[in-house]
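Chains as they are written, first to last, in our numbering: chain A, 164 to 299; chain B, 164 to 299; chain C, 164 to 299; chain D, 164 to 299; chain E, 164 to 299; chain F, 164 to 299. Quick reminder that beta carbons are idealized off the backbone N, C-alpha and C, glycines included. No experiment lies behind these values; they were computed from the predicted model shown. One structure is given here, and the rest of the page talks about it.
6 protein chains.
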Amino acid sequence: MSQPPVVPLVEYDRASPQVRAVYDDIMATRGTDWINNFWKVLAHDPALLKRTWEGVRDVMKPGALDALTKELIYVAISATNGCDYCTYSHTASARAKGMSEAQFMELMAVVGMANQTNRLANGLRPPVDDAFLPRA
Amino acid sequence: MSQPPVVPLVEYDRASPQVRAVYDDIMATRGTDWINNFWKVLAHDPALLKRTWEGVRDVMKPGALDALTKELIYVAISATNGCDYCTYSHTASARAKGMSEAQFMELMAVVGMANQTNRLANGLRPPVDDAFLPRA
Amino acid sequence: MSQPPVVPLVEYDRASPQVRAVYDDIMATRGTDWINNFWKVLAHDPALLKRTWEGVRDVMKPGALDALTKELIYVAISATNGCDYCTYSHTASARAKGMSEAQFMELMAVVGMANQTNRLANGLRPPVDDAFLPRA
Amino acid sequence: MSQPPVVPLVEYDRASPQVRAVYDDIMATRGTDWINNFWKVLAHDPALLKRTWEGVRDVMKPGALDALTKELIYVAISATNGCDYCTYSHTASARAKGMSEAQFMELMAVVGMANQTNRLANGLRPPVDDAFLPRA
Amino acid sequence: MSQPPVVPLVEYDRASPQVRAVYDDIMATRGTDWINNFWKVLAHDPALLKRTWEGVRDVMKPGALDALTKELIYVAISATNGCDYCTYSHTASARAKGMSEAQFMELMAVVGMANQTNRLANGLRPPVDDAFLPRA
Amino acid sequence: MSQPPVVPLVEYDRASPQVRAVYDDIMATRGTDWINNFWKVLAHDPALLKRTWEGVRDVMKPGALDALTKELIYVAISATNGCDYCTYSHTASARAKGMSEAQFMELMAVVGMANQTNRLANGLRPPVDDAFLPRA
Chain A
164 MSQPPVVPLV EYDRASPQVR AVYDDIMATR GTDWINNFWK VLAHDPALLK RTWEGVRDVM
224 KPGALDALTK ELIYVAISAT NGCDYCTYSH TASARAKGMS EAQFMELMAV VGMANQTNRL
284 ANGLRPPVDD AFLPRA
Chain B
164 MSQPPVVPLV EYDRASPQVR AVYDDIMATR GTDWINNFWK VLAHDPALLK RTWEGVRDVM
224 KPGALDALTK ELIYVAISAT NGCDYCTYSH TASARAKGMS EAQFMELMAV VGMANQTNRL
284 ANGLRPPVDD AFLPRA
Chain C
164 MSQPPVVPLV EYDRASPQVR AVYDDIMATR GTDWINNFWK VLAHDPALLK RTWEGVRDVM
224 KPGALDALTK ELIYVAISAT NGCDYCTYSH TASARAKGMS EAQFMELMAV VGMANQTNRL
284 ANGLRPPVDD AFLPRA
Chain D
164 MSQPPVVPLV EYDRASPQVR AVYDDIMATR GTDWINNFWK VLAHDPALLK RTWEGVRDVM
224 KPGALDALTK ELIYVAISAT NGCDYCTYSH TASARAKGMS EAQFMELMAV VGMANQTNRL
284 ANGLRPPVDD AFLPRA
Chain E
164 MSQPPVVPLV EYDRASPQVR AVYDDIMATR GTDWINNFWK VLAHDPALLK RTWEGVRDVM
224 KPGALDALTK ELIYVAISAT NGCDYCTYSH TASARAKGMS EAQFMELMAV VGMANQTNRL
284 ANGLRPPVDD AFLPRA
Chain F
164 MSQPPVVPLV EYDRASPQVR AVYDDIMATR GTDWINNFWK VLAHDPALLK RTWEGVRDVM
224 KPGALDALTK ELIYVAISAT NGCDYCTYSH TASARAKGMS EAQFMELMAV VGMANQTNRL
284 ANGLRPPVDD AFLPRA
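Structure representation (structure tokens):
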């Protein structure tokens with residue numbers, strides 16, 4: 164129905180051992196039994212798949228920021244960039260991590276406001292106030 | 164030294180009563196005694212100043228999301244859009260609201276990762292998985 | 164003081180005849196006696212200089228839309244993209260073509276609003292209403 | 164057929180009184196008897212719906228710039244940002260406000276040209292000419 | 164099935180002589196017997212069609228950079244901007260010009276990395292090293 | 164003179180052993196004896212520094228695409244995104260890898276053209292031609 168991906172999906176049963184190892188880690192880390200399509204297109208380059216997955220896995224785990232906050236930030240950037248796949252997948256992830264609908268709508272309100280004021284600043288070019296400059 | 168703003172800064176003592184009323188609300192809401200340059204350029208259109216300030220004030224106050232989380236999202240969008248003024252001002256705001264340096268660096272890590280995978284999805288165009296589609 | 168351009172400025176008196184011909188057309192078309200820096204960096208590729216200038220010249224002349232309206236659109240896009248040079252140069256052009264400060268501030272209000280609602284639509288993904296679809 | 168919105172559409176007959184009041188104002192302002200989907204997704208946050216609608220309503224009404232010029236600017240930004248919904252809806256609005264096909268195609272020509280020269284300036288980084296700097 | 168274009172497609176047999184002349188040049192230059200939809204929408208403004216086609220034709224022909232390298236750059240920008248049509252069409256063109264699947268996946272890896280580090284630099288704002296500044 | 168970075172630069176002699184190990188690898192890989200500022204800001208998060216450096220190092224080394232082609236793509240994306248630091252640093256890198264000025268100007272021509280046609284496609288929304296769709 165929709166447009167096909169730019170490269171075919173690499174399904175588990177046709178994947179190389181190197182790709183399967185990443186798929187296995189994705190499922191183990193997430194506690195799921197399926198792989199979403201984003202990884203299935205990256206799998207055409209096993210090094211890219213592995214590096215990207217390990218980056219996402221390490222960056223998105225709880226640290227100084229909790230996992231839900233990180234996911235909200237991911238959604239905000241995806242909406243800002245207009246990425247269709249990312250908007251659906253990370254909104255679903257955020258909901259799975261406990262995002263309420265009230266939180267989601269407030270997130271959208273912040274996204275809208277930030278994109279608005281970013282352009283007002285870009286068009287009017289106020290100088291950065293001294294009080295906002297970090298001490299070098 | 165740096166480039167002048169595209170419109171002059173409207174300082175408090177030369178502002179109209181309508182603009183002063185907004186400036187007063189900004190300072191009262193924030194508990195500060197100065198106005199940052201962003202508002203001083205918007206002040207050339209008092210209606211735009213009022214609407215933008217009231218939007219920011221209402222959107223950024225704690226609700227389903229706390230004030231710091233909202234500020235982190237603002238920083239993330241400003242870095243994604245490459246807005247110079249917004250990056251400095253909202254990073255300063257986030258620090259004032261308690262953002263630690265560890266939180267800031269993790270935020271940057273998420274910003275980098277999201278901008279990377281957004282483009283991988285845009286270039287490879289995986290179809291959105293059924294599991295990610297909201298039930299209509 | 165500020166950073167140097169990525170390629171040196173090609174000044175008129177050191178320019179090739181091919182570049183001078185474009186510079187002359189720019190000054191004749193605009194009724195000015197100087198060339199702004201944008202063209203002086205493009206001049207390193209005379210074909211790029213000529214094609215870009217002729218494109219700008221032909222697109223920006225009055226047609227179904229008047230010259231000021233076109234310049235306002237240019238400013239709106241430059242602010243949206245965050246292009247520093249373009250924001251200053253096209254705002255100056257718009258003012259030279261008669262843009263009032265009230266028009267400029269209203270333009271900024273539209274720019275801010277459009278960037279806000281663009282992201283709300285990108286994040287919430289409402290389906291396009293049938294009434295908005297052109298008849299094929 | 165297409166992907167569902169990220170949140171369900173809030174139809175008039177299931178809307179709260181607060182949402183209905185905004186819907187009523189939209190229809191009264193526009194002289195129409197239906198609500199487009201953008202507002203139906205925003206309606207999950209009545210405060211966001213109200214603030215966004217009132218912002219759009221006030222910003223887009225004729226002032227120093229006429230209503231059609233404002234709509235052309237909205238279309239230009241939506242195409243620049245690649246917002247699918249916004250492109251269809253604001254092009255439809257611009258046509259309803261009298262935009263001719265010749266005007267639309269000229270608008271697209273300006274959009275293309277501005278996005279081109281914005282990136283040439285971003286890549287070559289010419290310094291802003293003194294003549295373009297506003298007097299502080 | 165999918166959304167109609169914002170303006171109807173101008174097919175060859177209904178095109179004006181001016182448009183047909185461009186279509187003929189496109190087919191002759193490419194050695195094909197069909198016109199892709201991008202040109203069929205631009206054809207509503209014959210001057211825009213002609214200028215855009217001649218620009219693409221001249222810019223994309225081999226010069227200091229070979230034709231495939233130029234096409235890879237086009238794909239990289241289209242993915243960065245999230246342009247759906249451009250991603251499919253220029254990836255197809257790159258493949259037709261000999262891009263291997265290994266080259267395509269490496270291209271995507273660079274696109275992802277550049278978009279990541281661009282935002283890290285935009286968020287952390289390191290000063291440009293003197294060693295990177297061109298000699299004026 | 165210019166604005167300070169958002170976090171202080173971490174110089175080699177004050178860096179932790181973990182950071183120094185990355186700095187050493189950067190210098191060894193590049194055959195240089197200094198570290199550019201981008202890495203000095205990332206160093207506040209040693210894990211982010213290490214992951215980003217190893218990603219850049221592995222992605223940018225010659226493979227199916229040669230090192231200069233990859234650097235050209237990096238410059239193209241940096242100009243498209245308007246990243247100041249990235250434009251200067253990657254243009255310098257490309258020159259160090261042998262990019263001629265003629266190649267650089269042709270690169271800019273492609274960047275300009277792609278950003279133009281991306282927006283024409285986004286505004287006019289031609290359907291993707293069947294011939295451009297990959298076979299699933």
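Within-8 Å CB hit, L283 of chain A to chain C | Working through the first sequence from its first residue, we reach residue 283 of chain A at position 120. Yes, its Cβ sits closer than 8 Å to a Cβ of chain C.
Just how far apart, CA to CA, sit D247 of chain B and R183 of chain A?
-> Here the question's residue 247 of chain B lines up with position 84 in the second sequence. Here the question's residue 183 of chain A lines up with position 20 in the first sequence. Cα to Cα, the separation comes out at about 43 Å.
The ligand FAD heavy atom lying under 7 Å from the CB of S179 of chain A | This structure does not include the ligand FAD; it has no bound ligands of any sort.
Residue closest to R193 of chain D, alpha-carbon to alpha-carbon, out of D:N244, D:T280 and D:W216 | As a first step, residue 193 of chain D is located in the fourth sequence; it is residue number 30 there, counting from the start. When each option's Cα is compared against that of R193 of chain D, the closest is D:W216.
So what does DSSP say about E264 of chain B, is it helix, strand or coil?
-> For this step, residue 264 of chain B is matched to residue 101 along the second sequence. Looking at E264 of chain B - three-state DSSP - the assignment turns out to be helix.
Using the Cα positions of D187 of chain B and P180 of chain B, report the straight-line distance between them to the nearest angstrom.
-> Within the second sequence, the letter at position 24 stands for residue 187 of chain B. Within the second sequence, the letter at position 17 stands for residue 180 of chain B. Answer to the nearest angstrom: the Cα atoms are 10 Å apart.
Buried or exposed: where does F208 of chain B fall if 16 or more other Cβ atoms within 10 Å of its Cβ makes it buried?
-> The count along the second sequence starts at 1 and reaches residue 208 of chain B at position 45. Looking at the sequence shown, residue 208 of chain B is not Phe but Asp. Under this definition D208 of chain B is a buried residue.
Name, going along the chain, the residues of the region 184-209 of chain F whose beta-carbon falls closer than 7 Å to a beta-carbon of chain B.
-> H207 and D208
Note down, in chain order, all residues in the region 250-266 of chain E with a beta-carbon under 8 Å from any beta-carbon belonging to chain A.
-> T250, Y251, T254, E264 and A265
What span of residues does the alpha helix (DSSP H) with A184 of chain C cover, start to end?
-> Your numbering for residue 184 of chain C matches position 21 in the third sequence. It spans P180 to R193 - the alpha helix (DSSP H) in which A184 of chain C sits, taken as one unbroken run.
Can you tell me the Cα-Cα spacing of A239 of chain A and F295 of chain E, whole angstroms?
-> As a working mapping, residue 239 of chain A is identified with position 76 in the first sequence. As a working mapping, residue 295 of chain E is identified with position 132 in the fifth sequence. Using only the alpha carbons, I get a separation of about 33 Å.
For chain D, is any of its Cβ atoms less than 8 Å away from the one on L231 of chain B?
-> Taking the first residue of the second sequence as 1, we reach residue 231 of chain B at position 68. With 8 Å as the cut-off, L231 of chain B does not count as an interface residue toward chain D.
Terminal residues of the alpha helix (DSSP H) in which F201 of chain D lies = By 1-based counting over the fourth sequence, the position of residue 201 of chain D is 38. Its alpha helix (DSSP H) spans residues N200 to L205.
In three-state DSSP terms, what is V169 of chain B?
-> For the purposes of this step, residue 169 of chain B is identified with residue 6 of the second sequence, where counting begins at 1. In this structure, V169 of chain B counts as coil in the three-state DSSP scheme.
Just the Cα atoms here: how many angstroms apart are D221 of chain A and F201 of chain C?
-> For this step, residue 221 of chain A is matched to residue 58 along the first sequence. For this step, residue 201 of chain C is matched to residue 38 along the third sequence. Roughly 44 Å separates the two Cα atoms.
Taking the Cβ atom as the reference point for each residue, do G286 of chain C and A242 of chain A lie within a distance shorter than 8 Å?
-> Reading the third sequence from its first residue, position 123 is the one you call residue 286 of chain C. Reading the first sequence from its first residue, position 79 is the one you call residue 242 of chain A. Yes, they are a contact pair.
Give a yes or no on whether the minimum CB-CB distance between M164 of chain E and chain B is below 8 Å.
-> Residue mapping note: residue 164 of chain E aligns to position 1 of the fifth sequence, counting from 1. Low local confidence applies: a pLDDT of 47 at M164 of chain E is under 50, so the model's placement there is unreliable, with the coordinate-based value given in what follows. No, M164 of chain E lies away from the interface with chain B (no Cβ there is under 8 Å from its Cβ).
Taking C-beta pairs closer than 9 Å, name the residues in chain E that A277 of chain D reaches, listed in chain order.
-> Here residue 277 of chain D corresponds to residue number 114 of the fourth sequence, with the count starting at 1. The contacting residues do not exist; A277 of chain D stays about 14 Å from chain E at best.
Would you mind sorting R177 of chain A into buried or exposed? The rule is 16 or more other CB atoms within 10 Å of its CB.
-> As a working mapping, residue 177 of chain A is identified with position 14 in the first sequence. Answer is exposed; the Cβ neighbour count stays below 16.
Test item: CB-CB of A277 of chain E and L211 of chain A under 8 Å = For this step, residue 277 of chain E is matched to residue 114 along the fifth sequence. For this step, residue 211 of chain A is matched to residue 48 along the first sequence. No, Cβ-Cβ distance for A277 of chain E and L211 of chain A is not below 8 Å.
In terms of residues, what are the limits of the alpha helix (DSSP H) holding D247 of chain F?
-> In the sixth sequence, residue 247 of chain F corresponds to position 84, counting from 1. From DSSP, the alpha helix (DSSP H) with D247 of chain F extends over D247 to A259.
Can you tell me the Cβ-Cβ gap for Y175 of chain E and I198 of chain E, rounded? I've got them flagged as a contact below 8 Å.
-> If you number the fifth sequence from 1, residue 175 of chain E lands on position 12. If you number the fifth sequence from 1, residue 198 of chain E lands on position 35. Right, their Cβ atoms sit about 7 Å apart.
Hey, would you say N204 of chain C sits closer than 8 Å to L231 of chain C, going by beta carbons?
-> As a position in the third sequence, residue 204 of chain C is number 41, starting the count at 1. As a position in the third sequence, residue 231 of chain C is number 68, starting the count at 1. The residue you asked about is not Asn; residue 204 of chain C is Val in the sequence shown. Taking 8 Å as the Cβ cut-off, V204 of chain C and L231 of chain C do not qualify as a contacting pair.
Taking the alpha carbon of R298 of chain F as the point to measure from, which residue in E:G275, E:R258 and E:A265 has its own alpha carbon closest?
-> Reading the sixth sequence from its first residue, position 135 is the one you call residue 298 of chain F. Measuring from the Cα of R298 of chain F, the nearest candidate turns out to be E:R258.
Taking the continuous alpha helix (DSSP H) assigned at A230 of chain D, which residues delimit it?
-> The residue given as residue 230 of chain D occupies position 67 in the fourth sequence. Its alpha helix (DSSP H) spans residues A230 to N244.
Neighbourhood of K213 of chain E by C-beta distance below 6 Å, restricted to the same chain and skipping five residues each side = What you label residue 213 of chain E is simply residue 50 of the fifth sequence in a count that begins at 1. Closer than 6 Å at Cβ, skipping near neighbours: V185.
Which residues of chain B have a Cβ atom closer than 7 Å to the Cβ of G245 of chain F, listed in chain order?
-> Along the sixth sequence, one-based indexing puts residue 245 of chain F at 82. In chain order: G245.
Got a sec: is the Cβ-Cβ distance from A272 of chain B to anything in chain F below 8 Å?
-> As a working mapping, residue 272 of chain B is identified with position 109 in the second sequence. Closer than 8 Å to some Cβ of chain F, the Cβ of A272 of chain B qualifies, so yes.
Is DSSP giving R177 of chain D helix, strand or coil here?
-> Residue numbering aside, residue 177 of chain D sits at position 14 when the fourth sequence is read from its first letter. If DSSP states are grouped into helix, strand and coil, R177 of chain D belongs with the helices.
Where does D221 of chain F sit, in a helix, a strand or coil, going by DSSP?
-> As a position in the sixth sequence, residue 221 of chain F is number 58, starting the count at 1. Three-state result, D221 of chain F: helix.
What does A242 of chain F reach in chain D if we use C-beta pairs closer than 7 Å?
-> Taking the first residue of the sixth sequence as 1, we reach residue 242 of chain F at position 79. What A242 of chain F touches in chain D: R282, N285 and G286.
Do N281 of chain D and C249 of chain C have their CB atoms nearer than 8 Å?
-> By 1-based counting over the fourth sequence, the position of residue 281 of chain D is 118. By 1-based counting over the third sequence, the position of residue 249 of chain C is 86. In contact: N281 of chain D and C249 of chain C (Cβ atoms closer than 8 Å).
Assign G226 of chain A to one of three DSSP states: helix, strand, or coil.
-> The residue given as residue 226 of chain A occupies position 63 in the first sequence. Here G226 of chain A sits in coil by DSSP.
Hey, is P225 of chain D's beta-carbon within less than 8 Å of any beta-carbon in chain B?
-> For the purposes of this step, residue 225 of chain D is identified with residue 62 of the fourth sequence, where counting begins at 1. Taking Cβ atoms only, chain B never reaches closer than 8 Å to P225 of chain D, which makes this a no.
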